[in-house]
Amino acid sequence: MSLALSTIDLRQVEFRRAFLDDSALILFLLAGHQEKFLDDTEELDKEYINQLIKDETLYLIYAKNFLVGIFAFSGLPEMDTERSRLFGTMHLFIEPKFWKYVLKHKLISIILDFAFLKYRFMKIKAAIYETQSTAISLLKKHGFTMNGILQNETI
55 MSLALSTIDL RQVEFRRAFL DDSALILFLL AGHQEKFLDD TEELDKEYIN QLIKDETLYL
115 IYAKNFLVGI FAFSGLPEMD TERSRLFGTM HLFIEPKFWK YVLKHKLISI ILDFAFLKYR
175 FMKIKAAIYE TQSTAISLLK KHGFTMNGIL QNETI
């Protein structure tokens, strides 16, 4: 069954917090595309996904009742002083056939607005590979700037 992307509008986009019962669905969604974000020697980390779920920071993105992707935020430090800046790292995966939809409907902006309101972030980082040129340009369009490249770092 194919989905006509042109019929989806922002009123039909829903975020739903993931639960442990969603773990298999999330792994299934990611499994077909892991070569895009994992090194050859890496495997999908079920424990990491389950931890994001337990931390209540992993969300499913639905459009017209179709799962189109997931997003999560990690690195939620406790605010220990008034001067400390709360920040998080955004992790985002969108099913490739929905990328045009993401661009057209500015889904990144909606996710960022959600994160700034819900978590009161002062700053959001995005961890991506330098080979993901589409993701880099998309994030730049949404105000992200590149502060550096991590060497020998596993994301």
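Each residue of the sequence shown is one higher than the one before, starting from 55 at the first, in our numbering.
Don't be surprised by glycine CBs; every beta carbon is placed ideally from N, CA and C.
On the DSSP bridge assignment, give the partners of residue 210 in chain order.
This structure cannot settle anything about residue 210, because the visible part of the chain is limited to 55 through 209.
Going by beta-carbon coordinates alone, are residue 113 and residue 69 separated by less than 7 Å?
As a first step, residue 113 is located in the sequence shown; it is residue number 59 there, counting from the start. As a first step, residue 69 is located in the sequence shown; it is residue number 15 there, counting from the start. Yes; because the gap between Cβ atoms is below 7 Å, this pair is in contact.
Checking the sheet assignment: what are the DSSP bridge partners for residue 145?
For the purposes of this step, residue 145 is identified with residue 91 of the sequence shown, where counting begins at 1. Looking at the DSSP assignment, residue 145 forms a beta bridge with 126.
For the segment 190-198 against the segment 155-175, do three or more pairs of beta-carbon atoms, one drawn from each stretch, fall closer than 8 Å, so that the two count as touching?
Result yes; three or more Cβ-Cβ pairs closer than 8 Å.
In chain order, what residues of the same chain lie with their CB nearer than 7 Å to the CB of residue 175, ignoring the 5 residues before and after it?
What you label residue 175 is simply residue 121 of the sequence shown in a count that begins at 1. These residues qualify, in order along the chain: 140, 141, 142 and 169.
Inspect the beta-carbon positions of residue 193 and residue 180 and report whether they are closer than 7 Å.
As a working note, residue 193 is residue 139 in the sequence shown. As a working note, residue 180 is residue 126 in the sequence shown. In contact: residue 193 and residue 180 (Cβ atoms closer than 7 Å).
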